[in-house]
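So the structure is just underneath, and the comments pick up after that.
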Amino acid sequence: AWERRVIEMRFGLGDECSRTLEEVGAELGLTKERIRQIEKEALTRLRHLSESQDLVDYLS
Numbered sequence: 176a177w178e179r180r181v182i183e184m185r186f187g188l189g190d191e192c193s194r195t196l197e198e199v200g201a202e203l204g205l206t207k208e209r210i211r212q213i214e215k216e217a218l219t220r221l222r223h224l225s226e227s228q229d230l231v232d233y234l235s
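In this note's numbering, the protein residues as written are 176 to 235.
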């Protein structure tokens, strides 16, 4: 759940405006370093999922 929320906030997906690491961290109560780590993990997962049908399931 953290991964999805961080990606939405960082890249302005849905109704979100794109936000900085600091802004996301402040809203979620996490450090900007932790937000960076979560973002990196999420993007890595999305790269792997994009090679399979699991991407549709992940985004649903």
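The beta carbon of each residue, even a glycine, is placed where N, CA and C say it ideally should be. As the structure is a computational prediction, the values presented were derived from the model and not from experiment.
If I'm right that residue i touches residue j with Cβ under 8 Å, what's the distance once you round it to whole angstroms?
i	j	result
R185	R194	6 Å
I182	E214	7 Å
Just tell me which of the options has its CA closest to the CA of residue i.
i	options	result
I210	R220, L221 and E197	E197
G200	L218, L224, L221 and E178	E178
What separation, rounded to the nearest whole angstrom, lies between the Cα atoms of residue i and residue j?
i	j	result
T219	Q212	11 Å
L224	A176	16 Å
D190	D232	21 Å
Could you please give the first and the last residue of the uninterrupted alpha helix (DSSP H) stretch that includes residue i?
i	result
G200	L196 to L203
E208	K207 to L224
E178	W177 to F186
Taking 9 Å as the CB-CB limit, is residue i close to chain C?
i	result
D190	No chain C is present in this structure, which holds just one protein chain.
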